[in-house]
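Remarks on the structure that follows.
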């Protein structure tokens, strides 16, 4: 499956992740893992939705060797609900349920990201529904904005944008291609 980004990427020299993965990130996998994969994503982006099961399979394939971080890059000009969804995920994160919210927001099917939908996602993720909608989400605005600004510093222009071991990945978003990028000696 080839997944193209929601907004264009140009063919520049390799761009590094800024800042590197740290304690402020939402991470799956061991912190000391030898391999790192970072996704800048948007919960309303159809390409990010298509990439979610690919990235899950890659995470499973490298279990114990890979840390995976998700950072927000809501493309609010083309996805009107992207910021609200990012804020909802961050609020779930304050309750230790970021990944549960991430998974329900990227569940198969068309995105459901209106305020009532976000409340339903919160219940599915084990979070109080009033925590993930405005005005409660004002508490998370700085985190989403910081992620967006870090994306801009890192040269992100569309979603999904991936970084493999700190360098921007420019290949196909397939299990085979990402496996080869993460560990060139491993056959898919």
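Numbering (the numbering used here), first residue to last: 259 to 446. Ideal Cβ positions, reconstructed from N, Cα and C, are used throughout, including at glycine. From a predicted model like this one, the values you see are computed outputs, not experimental measurements.
Problem set entry | Distance, residue 405 Cα to residue 282 Cα | 10 Å
Exercise. Which of the three DSSP states, helix, strand or coil, is assigned to residue 365?
Worked result: coil
For this session: Quick one: grab the DSSP three-state call for residue 284.
Result: strand
Exercise. Among the residues of its own chain, which have a CB less than 7 Å from the CB of residue 255, if the five just before and after it don't count?
Worked result: Because residue 255 is not part of the residues shown, which for the chain are 259 to 446, the question remains open.
Exercise. So what does DSSP say about residue 371, is it helix, strand or coil?
Worked result: coil
Exercise. Can you tell me the Cα-Cα spacing of residue 438 and residue 396, whole angstroms?
Worked result: 41 Å
Exercise. Under the three-state reduction of DSSP, which class applies to residue 447: helix, strand or coil?
Worked result: For the chain, the structure presents residues 259 to 446; residue 447 sits outside this window and is missing.
For this session: Would you be able to state if there are at least three C-beta pairs under 8 Å between the segment 423-439 and the segment 323-331?
Result: no
Problem set entry | Cβ-Cβ distance between residue 308 and residue 391 below 9 Å | no
For this session: Answer yes if the segment 342-351 comes into contact with the segment 285-293, meaning at least three C-beta pairs across the two stretches below 8 Å, and no otherwise.
Result: no
Problem set entry | Ordered list of beta strand (DSSP E) runs contained in the segment 344-427, each at least 3 residues | 419-422, 425-427
For this session: Ignore the nearest five residues each way along the sequence and tell me which others in residue 279's own chain have a CB closer than 8 Å to its CB.
Result: 285, 294, 296, 325, 327
Exercise. In whole angstroms, what separates the C-alpha of residue 366 from that of residue 434?
Worked result: 22 Å
Problem set entry | Exposure of residue 393, with buried meaning 16 or more beta-carbon neighbours within 10 Å | exposed
Exercise. In this structure, does DSSP put residue 333 in helix, strand or coil?
Worked result: coil
For this session: Quick one: residues in its chain with C-beta nearer than 7 Å to the C-beta of residue 298, no 5 flanking neighbours on either side, listed in chain order?
Result: 329, 331, 409, 414, 417, 418, 419
Exercise. Can you round the beta-carbon distance between residue 421 and residue 364 to whole angstroms, since I take them to be within the 8 Å contact cut?
Worked result: 19 Å between Cβ atoms; not a contact.
For this session: Let me know if residue 277 comes out buried or exposed under the rule of 16 or more other beta-carbons within 10 Å of its beta-carbon.
Result: exposed
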